[in-house]
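Taking the working numbering, the leading residue of the sequence shown gets 140, the next gets one more, and so forth.
One structure is given here, and the rest of the page talks about it.
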Amino acid sequence: MGLSAEDAGRLLDAGVDVLTGGNHTLHNRSIYTLLDDSRFVLRPANLPAAAPGCGDTVFDCGGVRVLVMHLVGMMGMEHAGNPFETADRILERRRGEYDLALVDLHGEATAEKEALGYYLDGRVTAVVGTHTHVQTADEKLLAGGTAYMTDLGMCGPEGGVLGTDRAALVRR
């Protein structure tokens, strides 16, 4: 469970700009140093402050300053603070540092993701959800101009289930 430092390095070397990890971020201890040392590998911002790393970054993407904010939902997740309040604090702290803002809410509950989308509508460029492993077909542009999608799906092996070998899950 959780991304290893080695795999994170391979993804960054392959051209990935920013990695977000979700609720399993801290399960693989090999990533801890990378979380502390790289501003391109994020853990959820609303985890306790003692957790390694940080949950937001700004990077240059072809001359556009992009804020990436990584949050984890409270419903069905462990040790997470309020993602709404955390988003407000990050937007205030980063004011003037970015041109576009992308929010990844890694969460169990679709309602929590949708509520955050409406809460941030007009203040961020996009709110996307992750965690439920299957891409939703509900992409939309909210009234205030924020792009929204409940879940982007997941990265994992082709033909796999939940990011792992399907035969192992079938046996389980």
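Note that beta-carbon positions come from the ideal geometry of N, C-alpha and C, so glycine has one too.
**Prompt:** Expressed to the nearest angstrom, what Euclidean distance is found between the alpha-carbon atoms of residue 305 and residue 275?
**Reply:** Straight-line Cα distance between these residues: approximately 21 Å.
**Prompt:** Where in the stretch 160-248 do unbroken runs of the beta strand (DSSP E), each at least 3 residues long, occur, reported from the N-terminal end onward?
**Reply:** 195-200, 203-211, 239-245
**Rounded straight-line distance, which links the Cα of residue 308 to that of residue 285** = 37 Å
**Asked** Under the rule that 16 or more other beta-carbon atoms within 10 Å means buried, what is residue 206, buried or exposed?
**Response** With 16 or more Cβ atoms within 10 Å of its Cβ, residue 206 is classed as buried.
**Message:** For residue 286, report the span of its beta strand (DSSP E) as first-last.
**Reply:** 286-288
**Asked** When the Cα atoms are used, what is the spatial distance from residue 365 to residue 245?
**Response** An answer regarding residue 365 cannot be provided, because it is not within the stretch 140 to 311 covered by the chain.
**Item:** Reference residue 179; option with closest CA among 171, 191, 196, 169
**Value:** 196
**Asked** With DSSP run on the structure shown, which of helix, strand or coil describes residue 276?
**Response** Here residue 276 sits in coil by DSSP.
**Request:** Compare the C-beta of residue 235 against all C-beta atoms of chain C and say whether one is closer than 7 Å.
**Result:** Among the protein chains of the structure shown there is no chain C, as only one such chain exists.
**Prompt:** Going by the CB atoms, is the gap between residue 273 and residue 242 shorter than 7 Å?
**Reply:** Cβ distance not < 7 Å, so residue 242 and residue 273 don't count as in contact.
**Item:** Euclidean distance between Cα positions of residue 204 and residue 311
**Value:** 45 Å
**Option in 208, 215, 247, 236 with minimal Cα separation from residue 224** = 208
**Message:** Looking at residue 183: is its Cβ nearer than 7 Å to the Cβ of residue 211?
**Reply:** yes
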